[in-house]
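In what follows, a structure is listed as structure tokens, so that the remarks can point back to it.
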Amino acid sequence: MNTLYRQLPSIDKILNSAQGELLTARFGRSAVVNQLRSLLQLARRQIAQQQQLPRYFSDFSILYKKLAHDLQQQRQVAIKKVHNLTGTVLHTNLGRALWGQAAQQAALVAMQENVALEFDLSQSKRSHRDQYISELLAPLCGAEAVCIVNNNAAAVLLLLATFAAGKEVIISRGELIEIGGAFRIPDIMQQAGCKLVEVGTTNRTRLTDYADNITENTALLMKVHSSNYQICGFTESVGEADLAQLARQHHLPLISDLGSGALIDLSAYGLPTEPTPQKMLADGVDLVSFSGDKLLGGPQAGIIVGKKEYIERLQQHPLKRALRCDKVILAGLEATLRDYLFSEKLTDSNPTLRLLTQDPEHLQTLAEPLLRKLQEKLGADYALRIETSSAQIGSGSQPMYRIPSLAVTLQPHSAKNADLMQLIRSLKQLSQPIIGRIEQQKLWLDLRSVANPQQLLTTLDEL
Ligand SMILES: *Cc1c(COP(=O)(O)O)cnc(C)c1O
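Residue numbers (the working numbering): 63 to 525.
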């Protein structure tokens, strides 16, 4: 065994060799030393346990190759790009909305150059980082002012902490939601230091339920859009306009957590109507919050729009400083919103709207080459078909609504579940992993959510 240990090289010997010097020139000394140390440690363990020297220490040419490979591997970002064939366009686990061209460009500039983030160029004085977006978005949604934070959960937290710390917030029992990822309205209330007053019942809440519970401790009335579930059947809830009137009578603000917040009427594209912030504000809601990376189709952000006096109080709250967005996000968000000024072009410029509005004939032109490619690679083991499929918006938008879509389905000839699992594993091991969904013992590769169909075919060449 001792002879085996003695065959292990010293770190200096490797570093001072010609090949070692090439490695340190490429990766720097520390990284090479660290990697070499861990290989030596592995080797000692292998000698102790198996009385055997790893191959790369019996042949140093293998060692140098392995070091180069391992160090290069450390440069690879683990947040890999994947092909989304789940049929869920806004998939939270896969990063939600893709950015449009303009947003990508604006973000790149903000990364590479100094930008006039909090600087008013016309007057050469300090300004506010939300100012550009405020000027753009306020008219787009009929608001007086705008406040931007990290995400919509942060927006709700800031709203509650600013207006209701130590006080009561009245909300319908039908709207005490959990969004997923442990975002629960009651927990956020607690974090913001306010007391939740639940009114009505799960399926029915009336205006009198709110009115009867208003006391001198009431800070605000709150509506939460029940985005990820639906209450059907014997139901009743109070609309924003009626609630706004009640709030005004008692000089209380009414706020609404809209969740998705489409800025345009989606029914114009044959999609179900989502409530818009402009409608909420027109109905008399004082502040509306929604996400940047859901139906808006931009960067992750929490967008609060509404009355100027209230927005100013949000901007002055110390939490705003902790929740504010960075320049890259703000640049991307501004560019995303600028696309909304050219509404007829939105289904080209905004990737989320583009994917959601693709017509079936177009999906057919994507499905056919995918079927052919898979046929060629996997046709021996799997039955392949193009089938009509049901896609969805995702991120809690319109959970019951299914968008007509097409998928290539793969079913193992053997009908063995293990073969399906094997297929899923091999698709995940591609340089850009392919993620589909399983239904009826088949793998469904849904074309509605694919961002880059051309690249998808190229990736499949690796199979
Ligand atoms: C998605 C959603 C949230 C959370 O928004 P994030 O931007 O993911 O933080 C909050 N409320 C509702 C109603 C939502 O749909």
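The C-beta atom is built at its ideal place from N, Cα and C for all residues, glycine as well.
Exercise for the section: In angstroms with no decimal places, state the Cα-to-Cα distance between Ser459 and Arg235. Expected result: As a working note, residue 459 is residue 397 in the sequence shown. As a working note, residue 235 is residue 173 in the sequence shown. In a straight line, the C-alpha of Ser459 is about 20 Å away from that of Arg235.
Handout entry: Supposed contact pair Gln113 and Leu66 - C-beta distance, whole angstroms, cut 8 Å
Key = Here residue 66 refers to the residue found at position 4 when the sequence shown is read from its first residue. Here residue 113 refers to the residue found at position 51 when the sequence shown is read from its first residue. Correct: roughly 7 Å between the Cβ atoms.
Problem - Cα-Cα separation, Gln253 to Asn214 - result: Residue numbering aside, residue 253 sits at position 191 when the sequence shown is read from its first letter. Residue numbering aside, residue 214 sits at position 152 when the sequence shown is read from its first letter. Rounded to whole angstroms, Gln253 to Asn214 spans 15 Å at the Cα level.
Handout entry: Distance between Asn96 and Glu260 (C-alpha atoms, nearest Å)
Key = Taking the sequence shown and counting its residues from 1, the one referred to as residue 260 is at position 198. Taking the sequence shown and counting its residues from 1, the one referred to as residue 96 is at position 34. Roughly 57 Å between the two C-alpha positions.
Problem - Buried or exposed by the 16-neighbour rule on C-beta atoms within 10 Å, applied to Cys209 - result: Your numbering for residue 209 matches position 147 in the sequence shown. By the 10 Å Cβ count, Cys209 comes out buried.
Problem - Ala309 vs Leu316 beta-carbon contact at 7 Å - result: Numbered from its first residue, the sequence shown carries residue 309 at position 247. Numbered from its first residue, the sequence shown carries residue 316 at position 254. In contact: Ala309 and Leu316 (Cβ atoms closer than 7 Å).
Exercise for the section: With a 10 Å radius around its C-beta and 16 neighbouring C-beta atoms as the bar for buried, classify His312 as buried or exposed. Expected result: By one-based count along the sequence shown, residue 312 stands at place 250. With fewer than 16 Cβ atoms within 10 Å of its Cβ, His312 is classed as exposed.
Handout entry: Supposed contact pair Val211 and Ile247 - C-beta distance, whole angstroms, cut 8 Å
Key = In the sequence shown, counting from the first residue as 1, residue 247 sits at position 185. In the sequence shown, counting from the first residue as 1, residue 211 sits at position 149. About 17 Å separates the two Cβ atoms, so there is no contact after all.
Practice task
Could you say which of Arg400, Leu505 and Thr264 lies nearest to Ser488 if we only look at CA atoms?
Solution key: Walking along the sequence shown from the start, residue 488 turns up at place 426. For Ser488, the nearest C-alpha among the options comes from Leu505.
Handout entry: Simplified DSSP state of His145, which is helix, strand or coil
Key = Within the sequence shown, the letter at position 83 stands for residue 145. Note: His145 maps to strand in three-state DSSP.
Problem - C-alpha distance - Ser184 paired with Gln166, whole-angstrom precision - result: The residue labelled residue 184 in the question sits at position 122 within the sequence shown. The residue labelled residue 166 in the question sits at position 104 within the sequence shown. Distance between the alpha carbons of Ser184 and Gln166 is about 26 Å.
Handout entry: Expected contact under 8 Å - CB spacing of Val347 and Ala205 to nearest Å
Key = As a working note, residue 347 is residue 285 in the sequence shown. As a working note, residue 205 is residue 143 in the sequence shown. Contact flag wrong, Cβ pair sits at about 10 Å.
Practice task
Give the DSSP bridge partners of Tyr402, in chain order.
Solution key: Taking the first residue of the sequence shown as 1, we reach residue 402 at position 340. DSSP, once it has assigned bridges, lists no residue as partnering Tyr402.
Practice task
May I ask you to verify whether the segment 351-369 touches the segment 153-162, counting CB pairs closer than 8 Å and requiring at least 3?
Solution key: yes
Exercise for the section: Please find out if some non-hydrogen atom of ligand 1 comes closer than 6 Å to the beta-carbon of Asp319. Expected result: Reading the sequence shown from its first residue, position 257 is the one you call residue 319. It does: the Cβ of Asp319 is within 6 Å (strictly closer) of some heavy atom of ligand 1.
Exercise for the section: Taking the CB atoms as reference points, tell me whether Leu518 and His145 lie closer together than 7 Å. Expected result: Locating residue 518 in the sequence shown gives position 456, where the first residue counts as 1. Locating residue 145 in the sequence shown gives position 83, where the first residue counts as 1. Cβ distance < 7 Å, so Leu518 and His145 count as in contact.
Problem - Cβ-Cβ separation, Ala453 to Val151 (assumed contact under 8 Å), whole Å - result: Residue 151 sits at position 89 when you count from the first residue of the sequence shown. Residue 453 sits at position 391 when you count from the first residue of the sequence shown. With 8 Å as the limit, Val151 and Ala453 qualify as a contact, their Cβ atoms being about 7 Å apart.
Handout entry: Option in Phe352, Leu220, Val300 and Leu333 with minimal Cα separation from Ile232
Key = Stepping through the sequence shown from its first residue, residue 232 is reached at position 170. Ranking Phe352, Leu220, Val300 and Leu333 by Cα distance to Ile232 puts Val300 first.
Practice task
Please report the residue range of the alpha helix (DSSP H) in which Phe352 lies.
Solution key: Here residue 352 corresponds to residue number 290 of the sequence shown, with the count starting at 1. Careful: Phe352 lies outside any alpha helix (DSSP H), inside the beta strand (DSSP E) at Leu349 to Ser353.
Problem - Cβ neighbour criterion (16 or more within 10 Å) applied to Gln420 - result: For the purposes of this step, residue 420 is taken as the residue at position 358 of the sequence shown. It counts as buried.
Practice task
Please work out which residues of its chain come closer than 7 Å, Cβ to Cβ, to Ser351, disregarding the five sequence neighbours upstream and downstream, and give them in chain order.
Solution key: One-based indexing of the sequence shown puts residue 351 at position 289. The answer, listed in chain order, is Asn214, Ala217, Val218, Leu221, Asp319, Leu320, Gly364, Ile365 and Ile366.
Exercise for the section: Kindly indicate the opening and closing residues of the beta strand (DSSP E) around Ile450. Expected result: By one-based count along the sequence shown, residue 450 stands at place 388. According to the sequence shown, residue 450 is Thr rather than Ile. Note, Thr450: beta strand (DSSP E), Tyr444 to Gly456.
Handout entry: Option nearest Ser182 by Cα separation, candidates Met63, Gln193 and Gly255
Key = On the sequence shown, residue 182 is found 120 positions in, with the first residue counted as 1. It is worth fixing the name first, because residue 182 is Asp in this sequence and not Ser. Closest option to Asp182, Cα to Cα, is Gln193.
Handout entry: Buried versus exposed call for Gly295 [16 or more other C-beta atoms within 10 Å across all chains shown]
Key = Here residue 295 refers to the residue found at position 233 of the sequence shown. So Gly295 ends up on the exposed side.
Handout entry: Near ligand 1: Ala215 beta-carbon under 6 Å from a heavy atom
Key = Working through the sequence shown from its first residue, we reach residue 215 at position 153. For ligand 1, at least one heavy atom lies less than 6 Å from the Cβ of Ala215.
Exercise for the section: Please name the residue or residues paired with Ala469 in a DSSP beta bridge. Expected result: Working through the sequence shown from its first residue, we reach residue 469 at position 407. Answer by DSSP bridge pairing, in chain order: Glu449 and Asp508.
Practice task
Confirm the yes/no value for this check: CB of Ser511, any heavy atom of ligand 1, distance under 6 Å.
Solution key: Residue numbering aside, residue 511 sits at position 449 when the sequence shown is read from its first letter. False, no ligand heavy atom lies under 6 Å from that Cβ.
Handout entry: Inter-residue Cα distance where the pair is Thr414 and Lys407
Key = What you label residue 414 is simply residue 352 of the sequence shown in a count that begins at 1. What you label residue 407 is simply residue 345 of the sequence shown in a count that begins at 1. The alpha-carbon atoms of Thr414 and Lys407 are separated by roughly 13 Å.
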